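Undergrad:
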Amino acid sequence: MPRRGSLVAYGVTRLVMAFPMLLILLTVVFVVLRIIPGDPIYALYGGRAKPSVVMAQRHKLGLDQPLYLQFANYIAQVFTGNFGTSLGPIFGGQNVMDVIMQRLPATVELAVGSMLVATIIGISVGILSGINRDRIVDVVGRLYGTIIFVIPIFWLGLMLQFVFAVDLKWFPVNSRFDVSIPPPATITGLYTIDSLLKGRLDAFAVAVRHLFLPCLTLGLVLSGFFTKTVRANLLRTAGADYVEAARARGIRRRAIVMRYAFKNALIPVITVLGLEFAILFAGAVLTETTFNWNGMGLLLVNSIEVQDYPLIQGTIIVYSFIIVIISLMVDFLNGLIDPRVRY
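Each residue of the sequence shown is one higher than the one before, starting from 105 at the first, in the working numbering.
#1: Using the C-alpha atoms, what's the distance from threonine 290 back to arginine 304?
#2: Applying the 10 Å Cβ sphere with the 16-neighbour rule, what's the burial state of tryptophan 397?
#3: Note down the Cα distance separating isoleucine 227 from alanine 160, rounded to an integer number of angstroms.
#4: Can you tell me which of Val312, Ile421, Asn199 puts its alpha carbon nearest to the alpha carbon of glycine 188?
#5: On the DSSP letters alone, give me the boundaries of the alpha helix (DSSP H) that serine 228 sits inside.
#6: Count the other C-beta atoms from every protein chain shown that fall within 10 angstroms of the C-beta of proline 276, then say buried if there are 16 or more, exposed otherwise.
#7: So the candidates are Ser284, Val267, Asn177; which of them puts its Cα closest to the Cα of glycine 185?
#8: Who are the Cβ neighbours of aspartate 306 in its own chain at under 7 Å, not counting the five residues just before and after it?
#9: Is any heavy atom of the ligand NAD found at a distance shorter than 7 Å from the C-beta of proline 286?
#10: In terms of residue numbering, what span does the alpha helix (DSSP H) encompassing glutamine 161 cover?
#11: Determine the extent of the alpha helix (DSSP H) in which isoleucine 257 is found, giving its start and end residues.
#12: Between which residues of its own chain and arginine 207 is the CB-CB distance below 7 Å, once the five residues before and five after are set aside?
#13: Apart from the five residues on each side of it in sequence, which residues of its chain come closer than 6 Å, Cβ to Cβ, to glutamate 392?
#14: Can you give, in chain order, each stretch of the alpha helix (DSSP H) that sits fully within the stretch 369-429 and has at least 4 residues?
#15: Which same chain residues end up closer than 6 Å to threonine 394 when comparing Cβ atoms and leaving out the 5 residues on each side of it in sequence?
#16: Check this for me: beta carbons of leucine 339 and isoleucine 383, under 8 Å apart or not?
#17: How is proline 193 classed by DSSP in three states: helix, strand or coil?
#18: Buried or exposed for tyrosine 114, going by 16 or more other Cβ atoms inside 10 Å?
#19: Any idea what DSSP makes of isoleucine 145, helix, strand or coil?
#20: Are the beta-carbon atoms of serine 218 and glycine 378 separated by less than 8 Å?
#21: Helix, strand or coil: how does DSSP classify proline 124 here?
#22: To the nearest angstrom, how far is it from the Cα of methionine 433 to the Cα of arginine 335?
#23: Isoleucine 251: buried (16+ other C-beta within 10 angstroms of its C-beta) or exposed?
#24: Along the chain, where does the alpha helix (DSSP H) containing glycine 245 start, and where does it finish?
#25: Which term fits threonine 131, buried or exposed, when burial requires 16 or more other beta carbons within 10 angstroms of its beta carbon?
#26: May I ask you to report which of helix, strand or coil DSSP gives serine 299?
#27: So, are the CB atoms of valine 428 and alanine 122 less than 8 Å apart?
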């Protein structure tokens, strides 16, 4: 058995603890989808369907079964990756998991790009604010962290579209790729990665131009949280004994900040990183809708509009799995960096 306090034991413990959290999330999704108004069969056929057709479809989908049997079938479907087929007019008859996997790479590309923007801007502003406490740089940094985090994503996206796409025409208004050139052959589904793997530098440039504004929109909003967290933890560690000892030895200020203060302020930042990813996927729904970005967020909005219940259910479940996996990764990183959290 893994020794208590070891990284393996900690990882196994966190993995076991993730199952109840996942089960709670799945239960919430199941309950919410069954208490919201509307009926997937009537949404599919409208008021013109014959009662016999409605009954046959309800039986086919298992909606005429008792709730406990529906829940058991639902859990079995989740863990086998079988979410059924889409009922809506857009993807009607297609396998739900296939539709989700077609859209997932777009959301992953947006999420990674946005997190990169948020990390670079948020940590940079947080460090500048923390090492210049109560100076004008700190005041500006604190104002930035507070204001940018509460700005509505859709409003910021529209403003950036108007300035950089409509007025200056530096970037495209929306969508993932230009219709004027063929996209790269699909390998990962990420246009930027596939373009590089295929040596398509022209396609890579187009993909980056389309990616810039959506990532900037979501990344700027998320960077405010990073700024406040980095500043607060940098100030906390700056007064620690080991930092004072480093100052007394004449170590340069830059080295003290990066080697001692920031390094020890990193653990809360990593924890925030996991929380940011959860917020990011929620923000991706608004960002993808604003920029007509064909990812899971836009897929969820479209499926809600046409009451495509299997697609709604499948998309939310995949989102839930992603958030749980990211939470596990953050816990593991915390245990790797700071052995104290393993006990």
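By construction, the Cβ of each residue, glycine as well, lies at the ideal position given by its N, Cα and C atoms. It should be emphasised that the depicted structure is a prediction, and the values quoted were computed from it without experimental measurement.
TA: Well, looking at it:
#1: 12 Å
#2: Buried.
#3: 57 Å
#4: Asn199
#5: 200-235
#6: Answer is buried; the Cβ neighbour count reaches 16.
#7: Asn177
#8: Take aspartate 306, set aside five residues on each side of it, and the residues of its chain with a beta-carbon closer than 7 Å to its own are Ile285, in chain order.
#9: No copy of the ligand NAD appears in this structure; indeed no ligand is present at all.
#10: From DSSP, the alpha helix (DSSP H) with glutamine 161 extends over 155-165.
#11: 257-264
#12: Asn398, Gly399, Met400, Leu403
#13: Once the five neighbours on either side are set aside, the close Cβ partners of glutamate 392 are Gly399, Gly401, Leu402.
#14: 370-394, 400-409
#15: Phe258, Gly261
#16: no
#17: coil
#18: buried
#19: helix
#20: no
#21: The answer is helix: DSSP assigns proline 124 an H, G or I state.
#22: 24 Å
#23: exposed
#24: 240-254
#25: exposed
#26: helix
#27: Taking the C-beta atoms as reference points, alanine 122 is found nearer than 8 Å to valine 428.
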